[in-house]
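Below you'll find the structure, written out as structure tokens, and then a few comments.
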């Protein structure tokens, strides 16, 4: 139970970090009215801003935070592609398996007699 909760928490926190810009845009579309209330372009309704300026401010602020903290960027993270390079490998010798011949005679095994009874109807 604790492992599942920890795994869900880690996945959720990873998703928040990766999709932080998408979350800001989703927040804008979910709460357009609250963004429109704090819009800077209320005096100019012909711009049809509807709070997009506030959303852009938040996106720029997030980008600024990413530039200040380079460890958050995924570009600076090293990925482990294969663990093959980290462990010593020992070449395995091929085992020689002798070929075994099994005697087979048809009288030792029962013959399928169901083919005589079960067959498709004959075309007349």
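Numbering (UniProt numbering), first residue to last: 1 to 124.
For each residue, glycine too, the CB sits at the ideal point set by N, CA and C.
1) Hey, would you say residue 55 sits closer than 8 Å to residue 35, going by beta carbons?
2) I need the boundaries of the alpha helix (DSSP H) containing residue 33, first residue and last residue.
3) Return the chain-ordered list of same chain residues with a C-beta closer than 7 Å to the C-beta of residue 52, the five sequence neighbours on each side being excluded.
4) Do you know how far the Cα of residue 19 is from the Cα of residue 28?
5) Is residue 125 helix, strand or coil when you go by DSSP?
6) Give the single residue among 50, 62 and 42 whose Cα lies nearest to the Cα of residue 33.
7) CB residue 23 to CB residue 59, shorter than 8 Å?
Here's the rundown:
1) yes
2) 32-37
3) none
4) 14 Å
5) No answer is possible for residue 125: it lies beyond the span of the chain, which begins at 1 and ends at 124.
6) 50
7) no
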